[in-house]
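Below is one structure; the comments refer to it alone.
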Amino acid sequence: MTQKIDFEKLMWLMAMASEEEGDGDEVGGSKKDTEEPTKQINLLYAQAVNNAHSAANFSLNKSLGSITDRFSSEVIGLQEKLRAAEVEISILTAQVETITGDRGRLRQLADQYKAACATAKQERDGLRGELIEAKEQLDESKRELDEVNKKIEVAGKMITSVADVVASFRHTTSSAKAYILFKGAIEKALNLGGFSDVASTLAKKRLNKKQVAGQPGKKTQKERKKPGPKPKQKPDKKRAAKK
């Protein structure tokens with residue numbers, strides 16, 4: 004702690020000390036008289052030095068306090084910036100993890116898309132094969148339909164020929180001539196094509212089996228209807244008993 008120095012007393016003591024040093028031989032002053040001002044001076048000097056040290060310490064402490072305060076505020080600011088940087092780092096870390104997860108999900112979706120494309124390609128190839136097969140079946144059905152149409156056309160011509168024969172029956176009185184015309188019309192119709200040999204053979208067999216009136220070696224309709232001899236009847240025993 005600083006002490007107040009009496010500078011007037013210090014100046015007076017210094018003056019007294021110089022006078023006593025100069026007049027000591029002449030006057031014959033005692034050594035004690037000369038020592039007292041010196042002690043006073045030394046005491047005042049010590050006080051001044053102490054005051055200087057105290058002032059220096061106070062100024063140094065004050066400077067150190069301001070420096071400490073300034074550095075403390077700067078340290079607090081740096082700590083806040085560090086905490087903000089940690090928050091940003093955590094946010095960036097979460098974003099990186101999200102991006103990594105999204106990348107994994109995108110890779111998974113890409114794999115699923117590739118698998119779906121491969122499946123769709125296989126299905127497309129299968130459908131293409133089915134379409135080709137269906138087209139072949141359609142072409143075959145068209146060919147069969149054309150053959151059926153040809154057969155229908157031939158059948159129509161046959162019906163027309165038979166109708167012509169039937170119409171000729173109305174103007175024919177001879178059954179033999181009618182049979183010849185009918186047989187010729189059927190053979191002509193069979194020769195138009197569109198029927199197999201089996202159908203042709205069956206048709207001819209049916210024609211040969213057909214019985215027409217007036218054909219040699221065949222019975223007429225009247226001859227078939229003539230009654231034969233009646234079978235003998237057995238006597239009725241009940242009727243005889245009644246008689």
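In the working numbering, the protein residues as written are 4 to 246.
All C-beta atoms in this analysis are idealised placements derived from N, C-alpha and C, irrespective of residue type, glycine included.
Residue i to residue j span [Cα, whole Å]
i	j	result
G68	S75	10 Å
E91	K84	10 Å
A137	Q125	18 Å
V215	S144	Note that V215 scores a pLDDT of 46, beneath 50, so its modelled location is shaky; the value from the coordinates is reported in the next line. If you take the alpha carbons of V215 and S144, they lie about 42 Å apart.
I102	K117	22 Å
I94	G107	20 Å
T96	L130	50 Å
N53	K65	18 Å
L148	E156	12 Å
E77	N45	47 Å
G104	L112	12 Å
G132	K154	33 Å
D128	L134	10 Å
R146	Q140	10 Å
R73	Y48	37 Å
A158	E150	12 Å
A87	I79	12 Å
T122	D114	12 Å
A55	E89	49 Å
E29	A51	The predicted model places E29 with a pLDDT of 44, which falls under 50 and marks its position as unreliable; any figure quoted below should be read in that light. So the two alpha carbons sit approximately 34 Å from each other.
R110	D142	47 Å
M161	C120	60 Å
A58	I70	18 Å
F61	Q82	30 Å
T163	N152	16 Å
heavy atom of the ligand ATP below 7 Å from residue i C-beta
i	result
L130	The ligand ATP is not part of this structure, which contains no ligands at all.
Exposed unless 16 or more other CB atoms sit within 10 angstroms - verdict on residue i
i	result
V99	exposed
K42	exposed
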